[in-house]
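Asks: What the sequence shown shows, in the working numbering, is residues 52 to 239, in sequence order.
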Amino acid sequence: MEETWAMIEAWCAKHAPDVLQSLNGPASEEAIAETERELEVQFPMDFRNSLLIHDGQAFDSPWMLYGWELLSLERIKSERAVWKGLLDSGDFDGIDSDADGEHIRTDWWHADWVPITYSGSGDHHILDLAPAAGGQFGQVFRMWHDDGERLLMGTSFADFMARYAAALESGDLVYSEDYEAIVSKNDV
52 MEETWAMIEA
62 WCAKHAPDVL
72 QSLNGPASEE
82 AIAETERELE
92 VQFPMDFRNS
102 LLIHDGQAFD
112 SPWMLYGWEL
122 LSLERIKSER
132 AVWKGLLDSG
142 DFDGIDSDAD
152 GEHIRTDWWH
162 ADWVPITYSG
172 SGDHHILDLA
182 PAAGGQFGQV
192 FRMWHDDGER
202 LLMGTSFADF
212 MARYAAALES
222 GDLVYSEDYE
232 AIVSKNDV
């Protein structure tokens, strides 16, 4: 994760200094363990290692990941609490997503899914701690709050972030002053 974050930081220093400035410092081991206990999950090592570099980004800053906020541990807990409350109240009973069922479960929401980004309107990239039989623990997929599509974005958190860094380097992602975010070059 250190190499990937170094690439992202270097790109941001050159093209999006406000995004670089918005990155939080490292989370403590204690904060990570407390969050795992509270969520009743265990994070994959690559995600833990990333948190030890940057605990997400400041909420009120230009958003980093595909135009979405990279969540801190506190924001992860608050976003997941919303989804867990809906799940526990039965809001998703009998509702399936359009996930492939091979890599990603067809549940609308699962208790072992951890939101790691936020779009501003209820959409997330999910750290999948309960993949379907053909998926991988810790894979990352994108979900929309009101659409059943679930798109696999990385076979692990490290893979997801490496793909993101490569998209920055290739110019597929750019900083947009209009959106105040790093977005696809096709969106500007």
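Cβ atoms here follow ideal geometry from the backbone N, Cα and C, with glycine treated the same way. Owing to the predicted nature of the structure, the values given are computational and were not obtained by experimental measurement.
1. Taking the CB atoms as reference points, tell me whether His161 and Ala184 lie closer together than 8 Å.
2. Is DSSP giving Thr168 helix, strand or coil here?
3. Taking Cβ to Cβ, would you say Leu219 is nearer than 8 Å to Trp62?
4. Could you check the C-alpha separation between Gly186 and Asp158 for me, to the nearest Å?
5. Buried or exposed: where does Arg126 fall if 16 or more other Cβ atoms within 10 Å of its Cβ makes it buried?
6. Answer yes or no: do Asp149 and Gly199 have a C-beta to C-beta separation smaller than 8 Å?
7. Below 7 Å CB to CB, which residues in the same chain sit around Gly173 once its five sequence neighbours on both sides are set aside?
8. Please determine if the region 94-112 and the region 132-141 are in contact, where contact requires at least 3 C-beta pairs separated by less than 8 Å.
9. Can you give the Cα-Cα distance for Asp208 and Gly136, rounded to whole angstroms?
10. Quick one: is Pro68 buried, meaning 16 or more other Cβ sit within 10 Å of its Cβ, or exposed?
11. Which two residues bound the contiguous alpha helix (DSSP H) that contains Trp56?
12. Which residue from Glu53, Met194, Leu71, Glu120 puts its Cα closest to that of Trp134?
13. According to DSSP, what are the bridge partners of Gln187?
14. Please return the same chain residues whose Cβ sits closer than 8 Å to the Cβ of Gly76, not counting the five positions on each side in sequence.
Replies: Looking at the atomic coordinates:
1. no
2. strand
3. yes
4. 14 Å
5. buried
6. Yes, the pair counts as a contact, with Cβ atoms nearer than the cut-off.
7. His196
8. no
9. In the sequence as presented, Asp is not what sits at residue 208; that position holds Phe. In this structure, the CA atom of Phe208 is about 25 Å from the CA atom of Gly136.
10. exposed
11. 53-66
12. Met194
13. Beta-bridge pairing links Gln187 to no other residue.
14. His105, Asp106
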